[in-house]
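Engineer: Here the sequence shown stands for residues -40 to -1, 1 to 150, where the numbers follow mature numbering (1 follows the signal peptide of the UniProt record, and there is no 0). Below you'll find the structure I mean.
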Amino acid sequence: MRKLSRCSTLPIRTLASLMRRFTPWALSAMVYAFSAPVSAQQFNETELKAAYLYNFAYFITWPEPAARDFLFCSYANTPVTGILARLIDGEKVHDRPIRLLIDPVPEQLHECQIVFVPVQQERVLASILEYIRAFPTLTVSDVPDFEQRGGMVRLTTEDRRIQPVIHLQNVTRAKLAVSSKLLRSSRIAE
């Protein structure tokens, strides 16, 4: 796994500590802090994407859980997933232990609450989206036009700011609900 760049001024433990303190009522503070220009932040773009992934678990509502664990799934072990792994270590979402599964096989996808497809894995995007279409799984990516391809949340960097772009129709089709706080701080795609 690639280590964080030296330009990161705070250790990942500090980011993890901050993320554990975020609760749904603090979303607006998180969005304000994370939407400031990346170059002016204490965290780099990779760390911010991991933080957004982590916090989506608190601002999305899934149908009743079938599994005991809350499962993040990611295609490829990227720097974002490396940071996410450290953020979720020992954490719980709604009293459910959080686990991270890297490169799940198709038969495991229905167990995932959140699937992250990084831009490096764009070649598998269509097959992943097709396979999980019938499941209540939040799909997140930084692939350009992800939401137009059937994805739910794209993490975009515009004007050196990270912002979620949410395709509500794709989200509701999967029987998921998005917190109004997250909607207010995101761009909505049609």
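Just so you know, even glycine gets a beta-carbon here, dropped at the ideal spot from N, CA and C. Computed from a predicted model, the values in this text were never measured in an experiment.
Using the C-alpha atoms, what's the distance from residue 144 back to residue 131?
Structural biologist: Locating residue 131 in the sequence shown gives position 171, counting from the first residue. Locating residue 144 in the sequence shown gives position 184, counting from the first residue. Each residue's Cα considered, the two are about 16 Å apart.
Engineer: For a cutoff of 8 Å on Cβ pairs, would you count residue 32 as touching chain D?
Structural biologist: Absence of chain D from the displayed structure is noted, only one protein chain being present.
Engineer: Per the contact definition of three or more C-beta pairs closer than 8 Å, is the segment 86 to 105 in contact with the segment 65 to 78?
Structural biologist: yes
Engineer: According to DSSP, simplified to helix, strand and coil, what is residue 145?
Structural biologist: As a working note, residue 145 is residue 185 in the sequence shown. Coil, per DSSP.
Engineer: Beta-carbon separation of residue 45 and residue 31 under 8 Å?
Structural biologist: Residue mapping note: residue 45 aligns to position 85 of the sequence shown, counting from 1. Residue mapping note: residue 31 aligns to position 71 of the sequence shown, counting from 1. The answer is no: Cβ separation not under 8 Å.
Engineer: For residue 29, which residues in the same chain have their Cβ closer than 8 Å to its Cβ, ignoring the five residues on either side in sequence?
Structural biologist: On the sequence shown, residue 29 is found 69 positions in, with the first residue counted as 1. Only 56, 57, 58, 59 meet the Cβ criterion.
Engineer: With the cut-off set at 8 Å, would you say residue 93 and residue 106 are in Cβ contact?
Structural biologist: On the sequence shown, position 133 is the one that residue 93 refers to. On the sequence shown, position 146 is the one that residue 106 refers to. No, the pair does not count as a contact, with Cβ atoms beyond the cut-off.
Engineer: Rounded to whole angstroms, what's the CA-CA distance from residue 24 to residue 62? Just pull it up for me.
Structural biologist: Position 64 of the sequence shown, counting from 1, holds the residue named residue 24. Position 102 of the sequence shown, counting from 1, holds the residue named residue 62. C-alpha separation (whole angstroms): 24 Å.
Engineer: If we call anything under 8 Å between Cβ atoms a contact, is residue 112 one with residue 122?
Structural biologist: Against the sequence shown, residue 112 aligns to sequence position 152. Against the sequence shown, residue 122 aligns to sequence position 162. Against a cut-off of 8 Å, the Cβ pair of residue 122 and residue 112 comes out as no contact.
Engineer: Mind listing, in chain order, the continuous alpha helix (DSSP H) runs of no fewer than 4 residues lying wholly within the segment 9 to 40?
Structural biologist: none
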